[in-house]
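In this text, residue positions in the sequence shown follow the UniProt record's numbering: the first is 1, and each later residue adds one.
What follows is one structure encoded as structure tokens, with my remarks underneath.
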Amino acid sequence: MLSAFTARALVDLKPRDRSRIDSVLAYGDRILAGLNNGTLRIYRVTDTLNEENPDGNDNEPAGGSGSAEGGSKTELLRELDKFARYKVEQLALVKEAKVLVSLSGGVVSLHDSQDYGLLHTLVQAKGGFCFCYYFQRC
1 MLSAFTARAL
11 VDLKPRDRSR
21 IDSVLAYGDR
31 ILAGLNNGTL
41 RIYRVTDTLN
51 EENPDGNDNE
61 PAGGSGSAEG
71 GSKTELLREL
81 DKFARYKVEQ
91 LALVKEAKVL
101 VSLSGGVVSL
111 HDSQDYGLLH
121 TLVQAKGGFC
131 FCYYFQRC
């Protein structure tokens, strides 16, 4: 049977951590996780398979710096505590415009995809529960 991917845990939240991942966005080697307290966490996933260790089991503990399970390592790059006032419900990336789109508290916001700073809030979209975007090249 063909398989497009293998499911495995990339991030382990600490038992004392009361936050919960509500939205996930993956692009390139980055994973953006929106939490229920308005925090945005940016992770980098690297492939640890190499010539010295062909089976990928480098016996690193799972947790803070990542998981060695399945030949990939997850590293927390950045954590933005005040990314949103409410839980981050949805994330999307518009690569052509270099904009990160987020939905939090019924409001759609646009952020810079490089430093994750707030660019604009779409107040006319207040009360929304989801969003989608359509991009067409001319």
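Ideal Cβ placement from N, Cα and C applies to all residues, glycine included.
- For lysine 73, the enclosing beta strand (DSSP E) begins and ends at 72–80.
- A straight-line Cα-Cα distance of about 12 Å links tyrosine 134 and glutamate 96.
- According to the DSSP assignment, glutamine 90 belongs to the beta strand (DSSP E) that extends over 88–94.
- Assignment of beta-bridge partners to valine 45 by DSSP yields Thr74.
- Contact between the region 99–109 and the region 84–91 is established, with three or more Cβ pairs separated by less than 8 Å.
- The criterion of a C-beta distance shorter than 8 Å is satisfied by aspartate 22 and leucine 35.
- The residues Gln90, Ala92, Val101, Leu103, Val108 and Ala125, in chain order, have a CB closer than 8 Å to that of phenylalanine 131 in the same chain once the five nearest residues on each side in sequence are set aside.
- Closest in C-alpha terms to leucine 25, from the list Lys73, Val45, Asn37 and Gly128, comes Val45.
- Between leucine 10 and isoleucine 42, the CB-CB gap reaches or exceeds 8 Å.
- Sequence-distant partners of leucine 122 (beyond 5 residues in either direction) whose C-beta falls short of 6 Å from its own C-beta, in its chain, are Val108.
- Within the same chain, Asp112, Ser113 and Gln114 come within 8 Å of lysine 98 by CB-CB distance, once the 5 residues on both sides are set aside.
- Taking the Cα positions, arginine 8 is about 12 Å away from threonine 74.
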